[in-house]
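Novice: Here's a structure for you.
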Amino acid sequence: MTTAASARWPVSGGGIQDDGASQVIVAPSGAVYEAGTFRGVAYFGDQELNSEGSADVYVVRYSDAGLVEWAVNAGGASVDQVTGIVLDEAENVYVTGFFHGTIYFSSAGFGGGGTLSLDADDAYSDVFLAKLETDGMWDWARRAGGRYAEESYAIDFHPGNDAAVPPVPASVFVGGKYICDFGLYGDMNALEVGPLDQGNCSATSDLYDSFVARIDTDGNWMWVKDFENGWLGRDQIDVLAVNNQGEVFVSGPASMSGSDALSPDPGWGLVFNGYHSATTSYHVDEPGHVTDRRLYLNETFNPSTMSNPVLEFWHYYDTESGYDGGVLEASANGGSWISVGNSWMIENGYNGTLSGCCGNPIGGRDAWKGSSGGWIRTRVNVNFSNANWKIRWRF
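Under my numbering, the final residue of the sequence shown carries the number 467; numbering is consecutive throughout.
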């Protein structure tokens, strides 16, 4: 026997402009915490919040009966955004997001009257992490960032273990992305940990790296990590979870740009239009004589360290349908290159067999040939035997 879902205590909050919640969590006590972004004036119960800038942060606590117990905001003259909240065992609230310029944290107003404030570097966004006590008063706020844009998206809490030797403090973990460099700043804006150095320092760069940082519940930064594997692309942490042993699990998108992910034989060139998803794409013309040109993926990978690994790429081909075409090949531990057959293709595999005429170096093999009709996505099962594998496209 089931009961139809119904609203127990529907409530609303906000104002006449564009307001929205980013996250809602329920405490063991039954209290409900909501965090989001608002503009102008927003009302939660009988409490009024006023935005200082284009968009500010709000946090609201509701009782288990749906009554607003407190509502606070944080912000400055620019755009500020909350991306996540988490509770500790005492129902203190930890809030993370990113901000521009100066952000004030106060229950009593803005315009310099904030009891806490943070200043971002230059004109780019920095990460904030702040603690609210159970009565809705800001306890501390910390900044993390560098020369260019940084954003946080994920947060979780670990209760620690006082009985361990040495004791493990209760702490909060936060994850996101950064460009160029990334440091953790404490009280009085002093650098406490870092900085990380991505090695790609350009204000116009669209290459970024992920980070995970840890801070104790008193606002003392403990450490910060990135992937540290020479990956120069686009990776960020969107989801983060900590288990009982304090191990951190992260997830998020990752990709590499055409010019950094691949090494081409002569004859390939970078093009900057007609691409599907990357900043750049590689292109090779159809010559009037026999050629054999290859495009190599720089990164090696070991399938034994992955769960159901899949290679995904977008490509566009337009050749005559008999002799010309392309294949995918793989090499284990620097050994000979072997064909990745159609049996490994999950989506948009080879569509024909190439002619063996006239000294064709890949003649008689299944391949992509003719016209794809535009950009298509191909997905390949690369759950090969345990080894360090490299991939190349051969045309």
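Backbone N, C-alpha and C define an ideal beta-carbon position, used for all residues, glycine too.
Please read all numbers here as calculations on a predicted model, not as lab measurements.
I need the straight-line Cα distance from GLY428 to GLY394, nearest angstrom please.
Specialist: Residue numbering aside, residue 428 sits at position 356 when the sequence shown is read from its first letter. Residue numbering aside, residue 394 sits at position 322 when the sequence shown is read from its first letter. Distance between the alpha carbons of GLY428 and GLY394: 9 Å.
Novice: Tell me ARG366's beta-bridge partners as DSSP assigns them.
Specialist: Translated into the one-based positions of the sequence shown, residue 366 becomes position 294. According to DSSP, which records beta bridges pairwise, ARG366 is partnered with ARG466.
Novice: Take GLY435 as the anchor and find which of THR450, ILE463, ILE448 and THR363 has the nearest alpha-carbon.
Specialist: The count along the sequence shown starts at 1 and reaches residue 435 at position 363. Of the listed residues, the one whose Cα sits closest to GLY435 is THR363.
Novice: On the premise that LEU188 lies in contact with TRP210, defined as a C-beta separation below 8 Å, what is that separation, rounded to the nearest angstrom?
Specialist: The residue labelled residue 210 in the question sits at position 138 within the sequence shown. The residue labelled residue 188 in the question sits at position 116 within the sequence shown. Confirmed, Cβ separation roughly 5 Å.
Novice: Check the DSSP bridge columns for GLY255 and list the partner residues they point to.
Specialist: Here residue 255 refers to the residue found at position 183 of the sequence shown. In DSSP, GLY255 forms a bridge with GLY217.
Novice: Express the C-alpha separation of GLY266 and ASN370 in angstroms, rounding to a whole number.
Specialist: As a working mapping, residue 370 is identified with position 298 in the sequence shown. As a working mapping, residue 266 is identified with position 194 in the sequence shown. Looking at the two C-alpha atoms, the distance is approximately 28 Å.
Novice: With a CB to CB cut of under 8 Å and the five nearest residues on each side skipped, what residues in its chain are close to VAL158?
Specialist: The sequence position of residue 158 within the sequence shown is 86, counting from 1. Answer for VAL158: ILE97, VAL165, TYR166, ILE227, ASP228, PHE229 and VAL244, listed in chain order.
Novice: Does DSSP put TRP416 in a helix, a strand or coil?
Specialist: Within the sequence shown, residue 416 is the residue found at index 344, counting from 1. Helix, per DSSP.
Novice: Run through the segment 377-461 for me and flag every whole beta strand (DSSP E) of 3 or more residues, listed as ranges in chain order.
Specialist: With a minimum length of 3 residues, the continuous beta strand (DSSP E) runs that stay inside the segment 377-461 are 382-387, 399-404, 409-411, 417-419 and 448-453.
Novice: Please state the DSSP three-state secondary structure of ASN316.
Specialist: Translated into positions along the sequence shown, residue 316 becomes position 244. Three-state DSSP puts ASN316 in coil, outside helix and strand.
Novice: Considering only the alpha carbon of each residue, which of LEU121, LYS203, ASP128 and ASP198 lies closest to GLY218?
Specialist: The residue given as residue 218 occupies position 146 in the sequence shown. When each option's Cα is compared against that of GLY218, the closest is ASP198.
Novice: Can you give me the start and stop residues for the beta strand (DSSP E) that THR174 sits inside?
Specialist: Sequence index remark: in the sequence shown, residue 174 carries index 102 (1-based). Per DSSP, THR174 belongs to the beta strand (DSSP E) from 174-178.
Novice: Going by C-alpha distance, which of VAL104, TYR115, ARG80 and PRO82 is nearest ASP91?
Specialist: Translated into the one-based positions of the sequence shown, residue 91 becomes position 19. The option with the nearest alpha carbon to ASP91 is TYR115.
Novice: Short of 8 Å in beta carbon distance, which residues of its chain neighbour TRP295, apart from the five on each side in sequence? Order them along the chain.
Specialist: Looking up residue 295 in the sequence shown gives position 223. Correct list, in chain order: VAL265, ALA285 and ARG286.
Novice: Under a three-way DSSP split, which group does PRO267 fall into?
Specialist: Translated into the one-based positions of the sequence shown, residue 267 becomes position 195. PRO267 falls in the strand class under three-state DSSP.
Novice: DSSP has GLU222 in a bridge; who is on the other side?
Specialist: Indexing the sequence shown from 1 puts residue 222 at position 150. Note: GLU222 sits in a beta bridge opposite TYR250.
Novice: Counting C-beta neighbours from all protein chains within 10 Å, is the total for ALA402 16 or more, i.e. buried, or is it exposed?
Specialist: Within the sequence shown, the letter at position 330 stands for residue 402. Buried: at least 16 other Cβ atoms inside 10 Å.
Novice: Give the straight-line distance between the Cα atoms of VAL151 and ASP128, rounded to the nearest whole angstrom.
Specialist: By one-based count along the sequence shown, residue 151 stands at place 79. By one-based count along the sequence shown, residue 128 stands at place 56. Rounded to the nearest angstrom, the two C-alpha atoms are 7 Å apart.
Novice: Let's see if you can read the secondary structure: which residues bound the beta strand (DSSP E) around GLU371?
Specialist: Along the sequence shown, one-based indexing puts residue 371 at 299. First-last for GLU371: undefined, no H or E at that position.
Novice: Going by alpha carbons, who is nearest to GLU222 out of SER323, TYR388 and GLY248?
Specialist: If you number the sequence shown from 1, residue 222 lands on position 150. Residue GLY248 is the option with its Cα nearest to GLU222.
Novice: Hey, quick one: how far does the beta strand (DSSP E) through LEU201 stretch, first residue to last?
Specialist: In the sequence shown, counting from the first residue as 1, residue 201 sits at position 129. Counting along the chain, the beta strand (DSSP E) containing LEU201 begins and ends at 198-204.
Novice: ALA192 and PHE171: beta carbons closer than 7 Å?
Specialist: If you number the sequence shown from 1, residue 192 lands on position 120. If you number the sequence shown from 1, residue 171 lands on position 99. A contact, by the Cβ cut-off of 7 Å.
Novice: Can you check DSSP and say which residues form a bridge with ALA107?
Specialist: In the sequence shown, counting from the first residue as 1, residue 107 sits at position 35. Paired residue(s): GLN95 and VAL131.
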